[in-house]
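Report on the structure given below.
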Amino acid sequence: MSKLLAVIGLLWVGWFIGWVHAHITVATECRQLGAFFVGKTVFRCTAIESQDQEQASNE
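Residues 1 to 59 (the UniProt record's numbering) make up the sequence shown, in order.
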């Protein structure tokens, strides 16, 4: 039983590390290039400013 829990735990840890890495990679590509790609498809990134930042830039 403990081996099964260890395998499930390791699978979850691996999934979580992959999820974090994917999000960091997409965020980095968006900041640097304004786009990221998956296969042959290119996705363009658009920053959404918070209201605090918009008000500061308008003043």
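Cβ coordinates follow ideal geometry from the N, Cα and C atoms, glycine included.
* To do: Kindly indicate which three-state DSSP category residue 41 falls into: helix, strand or coil?
  => strand
Which whole-angstrom value describes the C-beta separation of residue 30 and residue 36, a residue pair presumed to lie in contact below a C-beta threshold of 8 Å? 6 Å
Check your understanding: For the alpha helix (DSSP H) that residue 29 lies in, which residues bound it at each end?
Key -> 2-33
Hey, out of 34, 51 and 19, whose CA is closest to residue 45's CA?
34
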